[in-house]
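Asker: Read in order, the letters of the sequence shown are residues 23 to 335 in the numbering used here.
The structure is given below, and queries will be raised subsequently.
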Amino acid sequence: MEKGKILLALTGFHPQHWRELLAAEREVVLEPDGPTDPSIAYAVVWKQKPNLLSRLPNLRAIFSIGAGVDHIFADPGPPDVPIVKVVADNLTQHMTEYVVWRVLDHHRQSMLYRAQQQKKIWRELPQRPAEDISVGIMGLGNLGRAAASVLLSLGFAVNGWSRNDRPMKGVSTYSGEAGLIPFLNATDILVVLLPLTPNTQGIINYGVLKELRRRNGLGGAVLINAGRGRLQKDADIHRALTDGTLKEASLDVFEVEPLPKTSPLWSHPKVFVTPHAAATSDPAHLVPIMLRQMDAFERGEKLENLVDREAGY
């Protein structure tokens, strides 16, 4: 099998560094030569233009540069070729750092201390041990399991919820619709790392947030979403923060991005906002993995980390 040309189609990322690294081994284009360009063998994409991929007759595989692949399925008629999701130590490390940072920040009551600092108040707050706090991770894939391992090593009790049962040593696991409410009822800090699919869109709503454990060592329930923005209902989160259903929230993703300046979440005193920065894709780490996969595929080997089209991730 001959080396194929790569179509690089990125929105929200500057393509120059990606192009330079890919072009070291293959020919790269930013636009196909017409809608049915027969020279395109691979597509490396992030939120590509609609219908860009559907009519490329010789496309062999699609590579997403981010952990999510919902942008590919959102394309009308995505071609029936393998879709490869990103699994890289660098990306996993970044996400683990973000989750642990935000869990510890809430656990150590940083928002209350920052509020005291503004008022020049010198007062030590009671601090519960990590073992008294239950962190619940929604989504026990590669990212969720890596974060769970570090949280366990810090002494936190860790729960996990996923669509299907995903046992993990040291983690109390729940699955499916039947396991969701028991999982939430046993969780103080909810960490959302789910993929976005038709079944998970809007899953973080007011009804779900009300099921979190509020009588706990933190003084209330906490939400951390570093997954996908459309997993949550922004208005429901604001409502939960306002009426005390949630004590605090750390949000890296939102229904609309960039987060509109009119959103009340920007200025809410109980919200920590980051601009979808929990785990930025680094071309220096990801491009070699993609090129290695392409080379192996052309030798007749199987692609790794394939998306399950039926499940949507």
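Glycine residues also receive a C-beta, built at the ideal position from the N, C-alpha and C atoms.
#1: Could you tell me which uninterrupted alpha helix (DSSP H) segments, each at least 4 residues in length, are contained entirely in the segment 262-315, listed from first to last along the chain?
#2: Which partner residues of M160 appear in the DSSP bridge assignment?
#3: Please state whether DSSP places F35 in a helix, a strand or coil.
#4: So, with DSSP's three-state summary, where would you put Q149?
#5: Roughly how far, in whole angstroms, is the beta-carbon of I28 from the beta-carbon of L52, given that I think they are within contact range, below 8 Å?
#6: Give a yes or no on whether the C-beta atoms belonging to D258 and I226 are separated by under 9 Å.
#7: Could you tell me the alpha carbon to alpha carbon distance between F95 and I105, rounded to whole angstroms?
#8: Is the segment 136-148 touching the segment 173-190, taking contact as three or more C-beta pairs under 8 Å?
#9: In the structure shown, what three-state DSSP assignment does A200 receive?
#10: Just grab the DSSP bridge partners of K27 for me.
#11: Straight-line CA distance for V295 to S272?
#12: With respect to the alpha helix (DSSP H) encompassing V244, which residues constitute its N-terminal and C-terminal limits?
#13: By how many angstroms is the C-alpha of L147 removed from the C-alpha of R130?
#14: Which one or two residues does DSSP pair with K226 in a beta bridge?
#15: Return the Cβ separation of A31 and L78 in integer angstroms, given the expectation that the two are a contact with Cβ distance under 8 Å.
#16: Starting from the C-beta of L113, find all residues in its chain whose C-beta is less than 6 Å away, skip the five residues before and the five after it, and write them out in chain order.
#17: Got a sec, what are the start and stop residues for the alpha helix (DSSP H) I94 sits in?
#18: So S132 is in the beta strand (DSSP E); what residue range does that whole segment cover?
#19: Using DSSP bridges, identify the partner residues of A46.
#20: I need the boundaries of the beta strand (DSSP E) containing F85, first residue and last residue.
#21: If we ignore side chains and look at the alpha-carbon of each, how far apart do L231 and L263 end up?
#22: Cα separation between R82 and Y64?
#23: Drop a sphere of 10 angstroms on the beta-carbon of A200, count the other beta-carbons inside from all chains shown, and report buried for 16 or more, exposed for fewer.
#24: So what's V172 in DSSP terms, helix, strand or just coil?
Answerer: On the basis of the data shown:
#1: none
#2: W183 and V214
#3: coil
#4: coil
#5: With 8 Å as the limit, I28 and L52 do not qualify as a contact, their Cβ atoms being about 10 Å apart.
#6: yes
#7: 10 Å
#8: no
#9: helix
#10: I62
#11: 6 Å
#12: V244 -> not in any alpha helix (DSSP H); beta strand (DSSP E) instead, spanning V244 to N247.
#13: 9 Å
#14: The identity of residue 226 in the sequence shown is Ile, whereas the question assumes Lys. Q254, per the DSSP bridge assignment.
#15: Contact doesn't hold; Cβ gap of about 11 Å is too wide.
#16: A301
#17: D92 to F95
#18: It is not in any beta strand (DSSP E) - S132 instead sits in the alpha helix (DSSP H) that spans S132 to Q140.
#19: Partner(s): none; A46 has no beta bridge.
#20: A83 to S86
#21: 10 Å
#22: 6 Å
#23: exposed
#24: helix
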